[in-house]
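In my numbering, the protein residues as written are 389 to 718.
A virtual CB, placed ideally from N, CA and C, is assigned to each residue, including glycine.
Note that the structure is predicted; figures quoted are calculated from it, not measured.
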């Protein structure tokens, strides 16, 4: 059986590789044997492998924050899934061909849905939905600002916001991203710059915007703050710039702007199991309806993991990178 493993922290395409290892044993009580059908390469995976994440796993480590698979065999006392079911893997270490999983870490999925889209369901769609829901009480017609709008989370946020009647201001760094994001449903798409707050005000008719979503950190945070109404909230969920969030005291003290952070692991950890199930049931429903969709730039076999990691790290990508560890799924 093939797995992906890294023995040192460093550039993902250099330190991670596939190796052969023993097959998992038959599932014990409460366990499920799953064949992994597809997994995406996310920014969080690259951060973990490079050693730049909030926590570092003991080495050697198997990466993989997401994945979707088929149940091969279930152990005693497992009742909510059975052999042949397609499942969402809610744990980590998913960059493998097969794995034993505690039954409570699996969510049953519809068998007819797009497997590539299902493989990306755990992190980015849930992150986008919870950031839209958990911080500011928004209603149809309200505006939301986000940077890194061309990212996976950004794409989902545009689609989820549109489905709820919210309007989005989407900030990017490249002109060629404007047309695709507008076609996706983004109401306003702007190139970042020092005059960003003035251009946002002009594009939205000086709307009272109360929520900004930030994946970049650094000095764009102050431009987002200046674009918000008094008492507005910035939710940071990433560090693409590599710099600390910078918000002027003028915005914090005198305009009451709040800067807070979002981490999906912490958010899910604070939710009851039935609420997590409800969250993903709704996301699956929207995926099947076509509301949720992200472009796939390329899918690789597990043997090409180094190439896949290098591809995933390119800033110029226009879609997600997937790996099909057991070959194409018919």
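*Could you check if residue 497 is buried or exposed, using at least 16 other CB atoms within 10 Å of its CB as the buried criterion?*
By one-based count along the chain shown, residue 497 stands at place 109. Under this definition residue 497 is a buried residue.
*asked:* Taking DSSP's pairing of strands, which residues face residue 646 in a bridge?
replied: The residue given as residue 646 occupies position 258 in the chain shown. Residue 646 pairs with 621.
*Hey, is the segment 501-513 in contact with the segment 572-587, meaning 3+ C-beta pairs nearer than 8 Å?*
no
_Here's the rule: buried if 16 or more other CB atoms are within 10 angstroms of the residue's CB, otherwise exposed. What is residue 444?_
As a first step, residue 444 is located in the chain shown; it is residue number 56 there, counting from the start. Exposed: under 16 other Cβ atoms inside 10 Å.
*asked:* Using 8 Å for Cβ pairs, my map puts residue 717 next to residue 425. What's the rounded Cβ distance?
replied: For the purposes of this step, residue 717 is taken as residue 329 along the chain shown, with counting starting at 1. For the purposes of this step, residue 425 is taken as residue 37 along the chain shown, with counting starting at 1. Indeed, because the Cβ distance is near 5 Å, the residues count as touching under 8 Å.
*In the DSSP assignment, what residue or residues form a beta bridge with residue 711?*
If you number the chain shown from 1, residue 711 lands on position 323. In DSSP, residue 711 forms a bridge with 427 and 688.
*Provide the residue span of the beta strand (DSSP E) that contains residue 457, from first to last.*
Here residue 457 refers to the residue found at position 69 when the chain shown is read from its first residue. Its beta strand (DSSP E) spans residues 456-462.
*If you compare alpha carbons, which of 430, 449 and 713 is closest to residue 404?*
Position 16 of the chain shown holds residue 404. The residue with the shortest Cα to Cα distance from residue 404 is 449.
_Sequence-distant residues of the same chain with beta carbon closer than 6 Å to residue 574, five excluded per side_ = Here residue 574 refers to the residue found at position 186 when the chain shown is read from its first residue. Counting only Cβ-Cβ distances below 6 Å, and skipping sequence neighbours, we find 546, 556 and 558.
*Whole runs of the beta strand (DSSP E) within the segment 469-543, excluding any shorter than 3 residues*: 474-477, 486-490, 494-497 and 531-535
*Would you identify the three-state DSSP class for residue 555, choosing helix, strand or coil?*
As a position in the chain shown, residue 555 is number 167, starting the count at 1. The answer is strand: DSSP assigns residue 555 an E or B state.
*Quick one: what's got a C-beta closer than 6 Å to residue 560's C-beta in the same chain, skipping five residues either side?*
Working through the chain shown from its first residue, we reach residue 560 at position 172. Cβ within range, chain order: 537 and 538.
*asked:* Using CA atoms only, rank isn't needed, just tell me which of 712, 711, 714 and 701 is closest to residue 437.
replied: The sequence position of residue 437 within the chain shown is 49, counting from 1. Residue 701 is the option with its Cα nearest to residue 437.
*Do the segment 601-618 and the segment 628-638 meet, that is, are 3 or more Cβ pairs less than 8 Å apart?*
yes
*In chain order, what residues of the same chain have a beta carbon less than 7 Å from the beta carbon of residue 543, not counting five sequence neighbours either side?*
For this step, residue 543 is matched to residue 155 along the chain shown. Excluding positions up to five away in sequence, the list reads 572 and 682.
*Would you report the Cα separation of residue 541 and residue 679, rounded to the nearest angstrom?*
The residue you call residue 541 lines up with position 153 of the chain shown. The residue you call residue 679 lines up with position 291 of the chain shown. Taking the straight line from one Cα to the other gives about 14 Å.
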